[in-house]
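Enquirer:
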Amino acid sequence: MSSHYVVLETIEKWLARGWLSQLDKAFVCFLMQLDSSASNEVLWAAALVSHQLARGEVFLDLQKLCQQPSLTLAIPDYASWPSEFISDSNLDAWIKALTQSELIGRNSDHTAENTPLVLDGHRLYLRRYWQYQQTLNTAIHQRLNPIRNQLPIDLSEQLNALFIENREQPDWQKIACLLALRARFAIITGGPGTGKTTTLIKLLALLVKISVDEHNTQHNLTILLAAPTGKAAARVSESINNALAKLDVPEAIKQQIPKKASTLHRLLGSRMDSRHYRHHRNNPLVADIVIVDEASMIDLEMMAALLDALPDNAQLILLGDKDQLASVEAGSVMGDLCEGAELAAYDQATVDWIKQYTDIDLPPVVQTGNALNQQTVMLKHSHRFGAQSGIGQLAKAVNEGNPNLAQAILNDSETYHDLQRLLLVDPFDNQLKQLVTANTAGSRQGYGHFLDVIQNSRPNETGQVNHWAKQVLQAFDKFQVLCALRLGVWGVDGLNQRIEHWLFPNQKPSLWYQGRPVMITRNDYNLGLMNGDIGITLFDNAGKLRVVFPADNDSHEAGIRWVSPMRLPDVVTAFAMTVHKSQGSEFNHVALVLPETSNPVLTRELIYTGITRAKENFTLLESQSDVFRLGVLGSCK
134 MSSHYVVLET
144 IEKWLARGWL
154 SQLDKAFVCF
164 LMQLDSSASN
174 EVLWAAALVS
184 HQLARGEVFL
194 DLQKLCQQPS
204 LTLAIPDYAS
214 WPSEFISDSN
224 LDAWIKALTQ
234 SELIGRNSDH
244 TAENTPLVLD
254 GHRLYLRRYW
264 QYQQTLNTAI
274 HQRLNPIRNQ
284 LPIDLSEQLN
294 ALFIENREQP
304 DWQKIACLLA
314 LRARFAIITG
324 GPGTGKTTTL
334 IKLLALLVKI
344 SVDEHNTQHN
354 LTILLAAPTG
364 KAAARVSESI
374 NNALAKLDVP
384 EAIKQQIPKK
394 ASTLHRLLGS
404 RMDSRHYRHH
414 RNNPLVADIV
424 IVDEASMIDL
434 EMMAALLDAL
444 PDNAQLILLG
454 DKDQLASVEA
464 GSVMGDLCEG
474 AELAAYDQAT
484 VDWIKQYTDI
494 DLPPVVQTGN
504 ALNQQTVMLK
514 HSHRFGAQSG
524 IGQLAKAVNE
534 GNPNLAQAIL
544 NDSETYHDLQ
554 RLLLVDPFDN
564 QLKQLVTANT
574 AGSRQGYGHF
584 LDVIQNSRPN
594 ETGQVNHWAK
604 QVLQAFDKFQ
614 VLCALRLGVW
624 GVDGLNQRIE
634 HWLFPNQKPS
644 LWYQGRPVMI
654 TRNDYNLGLM
664 NGDIGITLFD
674 NAGKLRVVFP
684 ADNDSHEAGI
694 RWVSPMRLPD
704 VVTAFAMTVH
714 KSQGSEFNHV
724 ALVLPETSNP
734 VLTRELIYTG
744 ITRAKENFTL
754 LESQSDVFRL
764 GVLGSCK
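In the working numbering, the protein residues as written are 134 to 770.
(1) Compute the Euclidean distance between the alpha carbons of residue 570 and residue 525, then round it to the nearest angstrom.
(2) DSSP puts residue 239 in a beta bridge; with which residues?
(3) What residues are listed by DSSP as bridge partners for residue 656?
(4) Between 759, 727, 723, 756, which lies nearest to residue 744 when the distance is taken from Cα to Cα?
(5) Return the first residue and the last residue of the beta strand (DSSP E) that residue 748 is part of.
(6) Assuming residue 257 and residue 195 make a contact with CB atoms under 8 angstroms, what is their CB distance in whole Å?
(7) Give every residue of the same chain whose Cβ lies closer than 8 angstroms to the Cβ of residue 332, excluding the five residues on either side of it in the sequence, and list them in chain order.
(8) As a quick exercise: from 668, 695, 664, pick the residue whose alpha carbon is nearest that of residue 675.
(9) Which runs of the beta strand (DSSP E) fall wholly inside the region 292-346 and span at least 3 residues, in chain order?
(10) Identify which residue in 665, 610, 224 has its Cα closest to the Cα of residue 197.
(11) Look up residue 724 in the DSSP assignment and say whether it is helix, strand or coil.
(12) Do residue 474 and residue 501 have their CB atoms nearer than 8 angstroms?
(13) If you run the structure through DSSP and keep just helix, strand and coil, what is residue 816?
(14) Quick check on residue 161: does DSSP put it in helix, strand or coil?
(15) Using three-state DSSP, classify residue 620 as helix, strand or coil.
(16) Pull up the distance between the alpha-carbon of residue 503 and that of residue 341, whole angstroms please.
(17) In whole angstroms, what separates the C-alpha of residue 221 from that of residue 227?
(18) For residue 194, does the three-state DSSP call read helix, strand or coil?
(19) Short of 8 angstroms in beta carbon distance, which residues of its chain neighbour residue 672, apart from the five on each side in sequence? Order them along the chain.
(20) For the beta strand (DSSP E) that residue 662 lies in, which residues bound it at each end?
(21) With a threshold of 8 angstroms on Cβ separation, who are the neighbours of residue 644 within its own chain once the five nearest residues in sequence on each side are excluded?
(22) So what does residue 613 bridge to, in DSSP terms?
(23) For the region 592-612 and the region 537-547, state whether three or more C-beta atom pairs, one from each stretch, are separated by less than 8 angstroms.
(24) Please list the terminal residues of the continuous beta strand (DSSP E) segment that includes residue 511.
(25) Is residue 359 closer than 8 angstroms to residue 396 when the C-beta atoms are compared?
(26) Pick helix, strand or coil for residue 416, following the three-state DSSP scheme.
(27) Assign residue 282 to one of two classes, buried (16 or more other C-beta atoms within 10 Å of its C-beta) or exposed (fewer than that).
(28) Relative to the C-alpha of residue 702, which candidate in 727, 733, 658 has its C-alpha closest?
(29) Whose CA, out of 145, 692, 182, 753, lies closest to the CA of residue 796?
(30) Can you tell me which residues form a DSSP beta bridge with residue 705?
Pasting the structure below:
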């Protein structure tokens with residue numbers, strides 16, 4: 134073990150600086166037990182693979198590590214790093230050392246099946262995540278082969294009728310529908326308000342009609358709709374129902390389109406205290422079409438489990454915003470799958486397919502994309518945020534990594550009335566207090582409106598309490614404080630404490646009180662509550678404190694459910710939440726609080742996601758004016 138002293142000594146130094154974790158060290162020690170002759174390079178690479186996994190990266194990119202170590206690992210002070218492990222030109226030495234180790238398998242042979250690490254080109258994986266990646270790659274590429282070389286003669290007429298009101302040129306919604314009819318896999322990506330759900334509904338109507346034509350009978354498709362979280366599932370269910378109400382197709386077609394989404398965990402059949410699911414390759418889902426909304430939130434492990442459970446003949450359709458934050462867990466699946474989507478780099482066969490059925494002439498591309506690009510469409514026209522929308526313009530500038538333009542838009546309050554920027558002097562700044570406690574008649578409301586509904590709108594009749602509780606939930610969704618970090622005075626923990634004190638100054642210290650919003654932090658399948666679900670603590674008809682959650686109208690009266698606080702799994706107060714936890718949600722007014730210093734977590738994707746949670750108004754809160762600019766320049770991609 135003495136030969137490993139240098140590695141362990143360096144790991145201890147990095148632990149002291151907060152650059153590595155105890156888990157990283159434990160993994161290295163585990164490998165030392167497996168192979169006492171393992172080289173220092175192998176052990177050090179293993180520590181960095183573990184470090185990257187905690188950051189959401191499923192592999193260590195050795196080439197990027199050699200070229201840009203600080204950016205790759207999100208660790209500062211490059212000058213103090215150990216030169217015996219990292220330099221600017223030793224990729225070949227890394228590869229040579231790793232390929233000689235019995236701890237590391239290679240993608241080119243069968244040793245990868247039995248080793249804790251796998252080297253795939255210049256990417257080093259933990260074996261489990263390499264296997265997830267192989268499952269994903271294989272399943273998707275099998276579904277890229279066309280299943281239809283021709284469409285019904287009247288398809289063009291039906292397609293044009295569904296999109297007759299669209300004015301954008303080219304009509305990317307129509308193109309998205311058409312490409313999704315060709316193979317068993319399709320991605321529809323785009324920012325908020327670009328019509329992803331509307332496009333999906335019209336696509337499903339066409340798929341149902343084509344299925345009837347192909348089977349020459351009333352063949353009912355089995356269509357499953359899912360989202361990563363309970364909140365996202367509820368939102369997509371609402372959006373689907375709204376879009377269906379406007380869809381001009383026969384009722385028989387509408388009846389086959391699902392109106393309720395489930396969570397992916399429930400769809401696959403999550404097993405208690407296990408990484409495995411009831412549905413898998415040997416017990417696949419019963420489905421013709423599976424649709425997953427908010428796909429940017431899906432991590433690599435979950436996506437691999439979904440693809441493993443899909444029947445071979447099932448079609449998979451993913452919807453989401455590729456520019457949003459990736460999942461909290463490891464793997465930015467949606468971002469990786471949509472790489473190059475904005476270029477619309479279609480090959481000649483795809484261009485001809487589009488021209489044949491839509492008469493749309495796409496402009497020539499500089500370089501043709503890969504096979505996956507041919508089944509991916511990015512919707513570009515926002516129907517929610519027009520040219521005069523500050524939220525839309527700001528999100529676009531941030532997404533393009535243009536901090537000067539983003540700051541100019543934020544500061545132009547005369548043009549963009551839906552934006553506000555506040556520089557806070559200290560954590561107890563009165564501007565912050567006024568913002569979160571506001572109860573205004575306009576749309577820029579704080580939590581004062583939600584408290585007003587609790588205190589002044591409760592009915593005298595006990596039979597109306599459910600309706601009032603639903604109003605409280607709706608009022609709470611009008612405003613939300615979002616944070617980049619969980620800890621610190623400008624993080625979720627510090628802000629929740631201050632907001633709670635401002636809203637309930639006379640509240641004696643206790644865990645539960647009327648008006649306390651809570652977020653579920655651990656799935657509870659017995660209660661049907663998922664990580665990220667939000668409820669409000671209220672007095673029920675009997676005068677007992679209960680937590681009320683949104684629920685399905687067909688299973689609970691008034692679309693809500695009451696749960697005893699004592700039955701709930703782990704919860705946290707939710708006046709403030711992280712941007713990650715807000716994914717899949719929308720609020721009328723969002724206040725995004727930035728940390729006082731730049732942080733690896735504060736990326737362009739995080740800021741963009743925070744901005745696009747707002748439907749009507751957005752407020753940026755800063756304690757240091759330069760942090761926003763640095764965040765816009767940063768990216769986790």
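We put the beta carbon where it would ideally sit given N, CA and C, even for glycine.
Expert: Let me spell this out:
(1) Taking the first residue of the sequence shown as position 1, residue 570 is located at position 437. Taking the first residue of the sequence shown as position 1, residue 525 is located at position 392. Going from the Cα of residue 570 to the Cα of residue 525 covers about 26 angstroms.
(2) Residue mapping note: residue 239 aligns to position 106 of the sequence shown, counting from 1. Note: residue 239 sits in a beta bridge opposite 252.
(3) Translated into the one-based positions of the sequence shown, residue 656 becomes position 523. Partner(s): none; residue 656 has no beta bridge.
(4) Against the sequence shown, residue 744 aligns to sequence position 611. The residue with the shortest Cα to Cα distance from residue 744 is 723.
(5) Taking the sequence shown and counting its residues from 1, one reaches residue 748 at position 615. Taken as a continuous stretch (DSSP letters only), the beta strand (DSSP E) holding residue 748 covers 747-755.
(6) As a position in the sequence shown, residue 257 is number 124, starting the count at 1. As a position in the sequence shown, residue 195 is number 62, starting the count at 1. Going by Cβ atoms, the distance from residue 257 to residue 195 rounds to 6 angstroms, so yes, they are a contact pair.
(7) Your numbering for residue 332 matches position 199 in the sequence shown. Excluding positions up to five away in sequence, the list reads 306, 309, 310, 321, 512.
(8) As a working mapping, residue 675 is identified with position 542 in the sequence shown. The shortest C-alpha separation from residue 675 is found at 695.
(9) 318-323
(10) Numbered from 1 along the sequence shown, position 64 holds the residue referred to as residue 197. The shortest C-alpha separation from residue 197 is found at 224.
(11) In the sequence shown, counting from the first residue as 1, residue 724 sits at position 591. Correct three-state label for residue 724: strand.
(12) Residue numbering aside, residue 474 sits at position 341 when the sequence shown is read from its first letter. Residue numbering aside, residue 501 sits at position 368 when the sequence shown is read from its first letter. Contact: no.
(13) There is simply no residue 816 to check, as the chain begins at 134 and stops at 770 in what is shown.
(14) Counted from its first residue, the sequence shown places residue 161 at position 28. Of the three classes helix, strand and coil, the one that applies to residue 161 here is helix, per DSSP.
(15) In the sequence shown, the residue the question calls residue 620 occupies position 487. Note: residue 620 maps to coil in three-state DSSP.
(16) Numbered from 1 along the sequence shown, position 370 holds the residue referred to as residue 503. Numbered from 1 along the sequence shown, position 208 holds the residue referred to as residue 341. When rounded, the distance between both Cα atoms is 29 angstroms.
(17) Residue mapping note: residue 221 aligns to position 88 of the sequence shown, counting from 1. Residue mapping note: residue 227 aligns to position 94 of the sequence shown, counting from 1. In this prediction, residue 221 has a pLDDT of 48, which is less than 50 and means its spatial position is unreliable; what the coordinates show is noted afterwards. Near 11 angstroms, if we compare the C-alpha coordinates of residue 227 and residue 221.
(18) By one-based count along the sequence shown, residue 194 stands at place 61. Reduced to three states, the DSSP call for residue 194 is strand.
(19) Here the question's residue 672 lines up with position 539 in the sequence shown. 647, 678, 679, listed in sequence order.
(20) What you label residue 662 is simply residue 529 of the sequence shown in a count that begins at 1. Unbroken run through residue 662: none, as it is neither H nor E.
(21) Numbered from its first residue, the sequence shown carries residue 644 at position 511. Excluding positions up to five away in sequence, the list reads 698.
(22) In the sequence shown, the residue the question calls residue 613 occupies position 480. According to DSSP, residue 613 bridges with 723.
(23) no
(24) Sequence index remark: in the sequence shown, residue 511 carries index 378 (1-based). Unbroken beta strand (DSSP E) run through residue 511: 509-512.
(25) Along the sequence shown, read from residue 1 onward, the residue named residue 396 stands at position 263. Along the sequence shown, read from residue 1 onward, the residue named residue 359 stands at position 226. For residue 396 and residue 359, yes; Cβs fall inside 8 angstroms.
(26) The sequence position of residue 416 within the sequence shown is 283, counting from 1. It is a strand residue.
(27) Translated into positions along the sequence shown, residue 282 becomes position 149. Result: exposed.
(28) In the sequence shown, residue 702 corresponds to position 569, counting from 1. Ranking the options by Cα distance to residue 702, first place goes to 658.
(29) There is simply no residue 796 to check, as the chain begins at 134 and stops at 770 in what is shown.
(30) Residue mapping note: residue 705 aligns to position 572 of the sequence shown, counting from 1. Residue 705 is bridged to 652.
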